[in-house]
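> Before I ask anything, here is the structure I am working with.
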Amino acid sequence: MSAIEAALAGCDGPSLQREAHKLMGSLGTMAAEPARQLASDLEAAATSEDYDRARQIVDELVQELDRVTRALEAIARDSQGAPSGEIS
5 MSAIEAALAG CDGPSLQREA HKLMGSLGTM AAEPARQLAS DLEAAATSED
55 YDRARQIVDE LVQELDRVTR ALEAIARDSQ GAPSGEIS
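Mind the numbering: the sequence shown is residues 5 to 92 in our numbering, read in order.
Dropping the structure here:
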């Protein structure tokens, strides 16, 4: 997120678009659909150089990434007690 925030602060549309696209791919791999959609929306805002909208999306994205992180942490905690090869 630091690269996204730096690109946004500098109103650097191409960098913001590139970083949003990379994040979108990573989130898609994790099936984190709400966050992936926000990254896609951010990429579109960067393409059109709509920095006000991009700032709104980044705020939403930070919150959604916090939810994704908490969910992944819960999965990791739950799987610690599972026998090898099994996730409870």
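Glycine residues also receive a C-beta, built at the ideal position from the N, C-alpha and C atoms.
Here the structure is a predicted model, which means the values were calculated and not measured.
Please state whether the Cβ-Cβ distance between Ile-61 and Leu-46 is less than 7 Å.
It is a contact, given that the beta carbons lie within the stated cut-off.
> To the nearest whole angstrom, what separates the beta carbons of Leu-27 and Ala-43, a pair I think is in contact under 8 Å?
5 Å between Cβ atoms; contact.
> With a Cβ-Cβ cutoff of 7 Å, do Leu-20 and Leu-31 count as a contact?
No, they are not a contact pair.
> Note down, in chain order, each residue of its chain lying with its Cβ closer than 7 Å to the Cβ of Asp-57, except the 5 sequence neighbours on either side.
The residue asked about is misnamed: residue 57 is Arg in this sequence, not Asp. These residues qualify, in order along the chain: Ala-49.
> Going by DSSP, what residue range makes up the alpha helix (DSSP H) through Met-28?
First-last of the alpha helix (DSSP H) with Met-28: 17–33.
> Spatial neighbours of Gln-41 within its chain, please: C-beta separation below 6 Å, excluding the five flanking residues on both sides.
Excluding residues within five positions, none has a Cβ falling inside 6 Å.
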